[in-house]
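Undergrad: Below is a structure I'd like to ask you about.
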Amino acid sequence: MSTTAVPDVAVAPVDEGFWTRTRKTGAVLLALGVLAAVLFGALATGQQARFTLSETEGGAALEINGTVGAILFGVIAAAAGAALLAGVPKRWFTLTLGVGLVAFVLSFLCWQVSAAPEGRNFMPLVNIVRGTFILALPLIFGALAGVLCERTGVVNVAIEGQLLMGAFSGALFGSISGSVWVGLVAAAIGGAFISLLLAVFAIRYLVDQVVMGIVLNLLAVGVTGFLYERLMQTDAQKYNSAPRFGNWEIPLLKDIPVIGPALFRGNIFLYLGLLLVLVIHIALFRTRWGLRTRSVGEHPTAADTVGVKVLGLRYRNVIMAGMVAGIGGASYTLALYSFTKNMIGGKGFIALAALIFGRWSPTGALLAALFFGFADQLATYLGAIGSSIPSQFLAMLPYLATILAVAGLVGRVRAPAADGKPYIKG
């Protein structure tokens, strides 16, 4: 006989009255649009805000007067907010909100670009798109690791530790062997090791999964920090000089304006990340494994009664999630940087937010990761053009975007019903 945690008691939906979530969102967006039209319009200059289709100032560009653009896009954002406030049909909610948010960002950019010093009043779209994907890569891998775990009923707060262990293992074994491929395999094994500990303590010993995830993050920070000081700092040439994956160009596709140079002249991690999103999405929603995974995450008792090995499936998925996150950590040390202590810097927690923001879906997680990657890249760009916004606030921008995104949607999304609930097989 199998038992599981006591199911949640059904709660009747609460009548929100006039101020539904859609109308509240509309009111906020309307206020932001008015703020953009008035404030950004006043602060923008009459210079042209140029959005170049290349990596430099030259070449084709989209241009608009800074003041006109700031006011125009602010009005569009306000109009989208007014439409939500008036009560648009539910099927139009996402599109209307997206248009409003994009218009608000464009209004802000018209102000910033037009007010930049002469010679820097342009935004190279190729660099922005490329930087967005590069900065989003660890978030994509981390969020996919979260999808694999939480769709099967195990909360994965240890994404930070999995990314960090993957980055360290990739750097260490890649340096010792002189092979990027050995480093990549080692990174996957390093992430899987943290996941194995999570699986054993959460599934076998029923330790609180959130607490266990935090402990594993601290373990990864301690172990990698200790070995970094004992090995990598003493002999960086031998232990912290891993070879790097080069960029792979895809003929024809690389020549597509803006998107081509940004996406089709990338390294293996970019292609692998996008491929994994597609593969996991298809596997999760179109295969027997995916059906079993989702059933175990929603109602493990029912899955057990039809012959699904709940605990075995959870073990496999959690370990596989660690391998994915470990590869994401290697995107730092086998493509961009040498290893440094705690180099992930909270990206695992942003990946967890992307998982929630993306509604526990691979494609949703991808879009959420790109949103946070864009916020990070935007902060870098604004610092480069000498923005009047304080640098401390720019450094906060990715994390502020994370808080606003999750706070705005956490009440509208639902995790898998059995997420975080241990299953005891009698």
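For the sequence shown, my numbering begins at 1 and goes up steadily by one. Note that beta-carbon positions come from the ideal geometry of N, C-alpha and C, so glycine has one too.
Answer with buried or exposed for GLU229, where buried requires no fewer than 16 other C-beta atoms within 10 angstroms of its C-beta.
TA: Counted from its first residue, the sequence shown places residue 229 at position 229. Classification for GLU229: exposed.
Undergrad: Residues bridged to SER287 by DSSP?
TA: For this step, residue 287 is matched to residue 287 along the sequence shown. Residue identity check: residue 287 is Thr in the sequence provided, not Ser. DSSP lists no partner for THR287.
Undergrad: Pick helix, strand or coil for PHE349, following the three-state DSSP scheme.
TA: Within the sequence shown, residue 349 is the residue found at index 349, counting from 1. Helix, per DSSP.
Undergrad: To the nearest angstrom, how far is the alpha carbon of ALA116 from that of THR293?
TA: Position 116 of the sequence shown, counted from the start, is the residue given in the question as residue 116. Position 293 of the sequence shown, counted from the start, is the residue given in the question as residue 293. Using only the alpha carbons, I get a separation of about 51 angstroms.
Undergrad: Under three-state DSSP, which class holds SER2?
TA: Your numbering for residue 2 matches position 2 in the sequence shown. Residue placement at SER2 cannot be trusted, given a pLDDT of 42 that sits under 50; what the coordinates show is reported in the next sentence. The answer is strand: DSSP assigns SER2 an E or B state.
Undergrad: If you drop the 5 nearest sequence neighbours on each side, which residues of the same chain put their C-beta closer than 7 angstroms to that of ALA262?
TA: One-based indexing of the sequence shown puts residue 262 at position 262. For ALA262, where only same-chain residues beyond five positions count, the Cβ hits under 7 angstroms are VAL126, VAL129, ARG130 and PHE133.
Undergrad: Which residues does DSSP pair with GLU63 in a beta bridge?
TA: Locating residue 63 in the sequence shown gives position 63, where the first residue counts as 1. GLU63 is bridged to ARG50.
Undergrad: So, for ARG359: in the same chain, excluding its five sequence neighbours on each side, which residues have a beta-carbon less than 6 angstroms away from its beta-carbon?
TA: By one-based count along the sequence shown, residue 359 stands at place 359. Only VAL413 meet the Cβ criterion.
Undergrad: Looking at GLY142: is its Cβ nearer than 8 angstroms to the Cβ of ALA351?
TA: For this step, residue 142 is matched to residue 142 along the sequence shown. For this step, residue 351 is matched to residue 351 along the sequence shown. Yes. Within cutoff.
Undergrad: My parser needs the beta strand (DSSP E) runs of 3 or more residues fully inside the segment 105-163; what are they?
TA: Those beta strand (DSSP E) runs which fall completely within the segment 105-163 and span 3+ residues are 122-124.
Undergrad: Check each candidate in GLY74, PRO89, ALA80 and MET396 and name the one with the smallest Cα separation from PHE108.
TA: As a first step, residue 108 must be located in the sequence shown, where it is residue number 108. PHE108 has its Cα closest to that of GLY74, out of GLY74, PRO89, ALA80 and MET396.
Undergrad: Going by DSSP, what residues sit across from TRP248 in a beta bridge?
TA: As a working note, residue 248 is residue 248 in the sequence shown. The partner list for TRP248 (beta bridge, DSSP) reads GLY266.
Undergrad: I'd like the list of long-range same chain contacts for LEU216, defined as Cβ closer than 7 angstroms, with 5 residues on each side in sequence excluded.
TA: Taking the first residue of the sequence shown as position 1, residue 216 is located at position 216. Taken in chain order, the residues that qualify are ALA158, GLY161, ILE194, LEU197 and LEU198.
Undergrad: Measuring alpha carbon to alpha carbon, tell me which residue in ASP208, ALA379, THR152 and ALA242 is nearest TRP181.
TA: Position 181 of the sequence shown, counted from the first residue, corresponds to residue 181. Cα-wise, what sits closest to TRP181 is ALA242.
Undergrad: Going by C-alpha distance, which of TRP289, PHE93, PRO124 and ALA78 is nearest PHE104?
TA: Translated into positions along the sequence shown, residue 104 becomes position 104. Among TRP289, PHE93, PRO124 and ALA78, the Cα nearest to that of PHE104 is on ALA78.
Undergrad: Helix, strand or coil for TYR423? Go by DSSP, reduced to three states.
TA: As a working mapping, residue 423 is identified with position 423 in the sequence shown. Strand.
Undergrad: For a quick check, are the C-beta atoms of ALA192 and MET323 less than 8 angstroms apart?
TA: Stepping through the sequence shown from its first residue, residue 192 is reached at position 192. Stepping through the sequence shown from its first residue, residue 323 is reached at position 323. Against a cut-off of 8 angstroms, the Cβ pair of MET323 and ALA192 comes out as a contact.
Undergrad: From ILE176 to THR52, what distance separates their C-alpha atoms?
TA: The count along the sequence shown starts at 1 and reaches residue 176 at position 176. The count along the sequence shown starts at 1 and reaches residue 52 at position 52. When rounded, the distance between both Cα atoms is 43 angstroms.
Undergrad: Buried or exposed: PRO398, going by 16 or more other Cβ atoms within 10 Å of its Cβ?
TA: If you number the sequence shown from 1, residue 398 lands on position 398. So PRO398 ends up on the buried side.
Undergrad: Is the separation between the beta-carbon of GLY183 and that of PHE168 shorter than 8 angstroms?
TA: Residue numbering aside, residue 183 sits at position 183 when the sequence shown is read from its first letter. Residue numbering aside, residue 168 sits at position 168 when the sequence shown is read from its first letter. No; because the gap between Cβ atoms is not below 8 angstroms, this pair is not in contact.
Undergrad: Hey, would you say LEU404 sits closer than 8 angstroms to LEU394, going by beta carbons?
TA: Mapped onto the sequence shown, residue 404 falls at position 404. Mapped onto the sequence shown, residue 394 falls at position 394. Taking 8 angstroms as the Cβ cut-off, LEU404 and LEU394 do not qualify as a contacting pair.
Undergrad: In three-state terms, what does DSSP make of GLY358?
TA: As a working mapping, residue 358 is identified with position 358 in the sequence shown. Three-state result, GLY358: coil.
Undergrad: How far does the alpha helix (DSSP H) with MET323 in it extend, from its first residue to its last?
TA: For the purposes of this step, residue 323 is identified with residue 323 of the sequence shown, where counting begins at 1. That run of the alpha helix (DSSP H) goes 310-333.
Undergrad: So what does DSSP say about GLY260, is it helix, strand or coil?
TA: Numbered from 1 along the sequence shown, position 260 holds the residue referred to as residue 260. Reduced to three states, the DSSP call for GLY260 is helix.
Undergrad: Tell me which residue opens and which closes the alpha helix (DSSP H) that GLN233 is part of.
TA: Your numbering for residue 233 matches position 233 in the sequence shown. Segment: none, GLN233 is in no alpha helix (DSSP H) and carries neither H nor E.
Undergrad: Mind checking LYS90: buried by the 16 CB within 10 Å criterion, or exposed?
TA: Counting from 1 along the sequence shown, the entry for residue 90 is found at position 90. Under this definition LYS90 is an exposed residue.
Undergrad: Look at the alpha carbon of PRO422 and the alpha carbon of VAL155, and state the distance between them as a whole number of angstroms.
TA: Here residue 422 refers to the residue found at position 422 when the sequence shown is read from its first residue. Here residue 155 refers to the residue found at position 155 when the sequence shown is read from its first residue. Straight-line Cα distance between these residues: approximately 10 angstroms.
Undergrad: Output needed for ALA188: all residues of its chain with C-beta closer than 6 angstroms, excluding positions within five of it in sequence on either side, in chain order.
TA: Here residue 188 refers to the residue found at position 188 of the sequence shown. Excluding sequence neighbours, ALA188 sits near MET323, GLY326 and ILE327.
Undergrad: Between THR67 and GLY46, which are expected to be in contact by the criterion C-beta below 8 angstroms, what is the C-beta distance as a whole number of angstroms?
TA: Translated into the one-based positions of the sequence shown, residue 67 becomes position 67. Translated into the one-based positions of the sequence shown, residue 46 becomes position 46. Yes, they are in contact, since the Cβ atoms of THR67 and GLY46 sit about 6 angstroms apart, within 8 angstroms.
Undergrad: Measuring straight from C-alpha to C-alpha, what distance separates TYR239 and ALA36?
TA: In the sequence shown, counting from the first residue as 1, residue 239 sits at position 239. In the sequence shown, counting from the first residue as 1, residue 36 sits at position 36. One C-alpha to the other measures close to 51 angstroms.
Undergrad: Which stretch, first to last residue, makes up the alpha helix (DSSP H) that contains ASP208?
TA: The count along the sequence shown starts at 1 and reaches residue 208 at position 208. No alpha helix (DSSP H) holds ASP208; DSSP gives it neither H nor E.
Undergrad: Can you tell which of GLU55, ARG151, LEU334 and ASN65 has its C-alpha closest to the C-alpha of ILE268?
TA: For the purposes of this step, residue 268 is taken as residue 268 along the sequence shown, with counting starting at 1. Of the candidates GLU55, ARG151, LEU334 and ASN65, the one whose C-alpha sits nearest the C-alpha of ILE268 is LEU334.
Undergrad: Can you tell me the Cβ-Cβ gap for ALA283 and GLY273, rounded? I've got them flagged as a contact below 8 angstroms.
TA: Reading the sequence shown from its first residue, position 283 is the one you call residue 283. Reading the sequence shown from its first residue, position 273 is the one you call residue 273. Not confirmed; about 16 angstroms, so no contact.
Undergrad: Determine the direct distance from the alpha carbon of GLN112 to that of SER387, and round the result to whole angstroms.
TA: What you label residue 387 is simply residue 387 of the sequence shown in a count that begins at 1. What you label residue 112 is simply residue 112 of the sequence shown in a count that begins at 1. If you take the alpha carbons of SER387 and GLN112, they lie about 7 angstroms apart.
Undergrad: Taking ALA136 as the reference, which of LEU313, ALA365, ILE256 and VAL258 has the closest Cα?
TA: Here the question's residue 136 lines up with position 136 in the sequence shown. Among LEU313, ALA365, ILE256 and VAL258, the Cα nearest to that of ALA136 belongs to ALA365.
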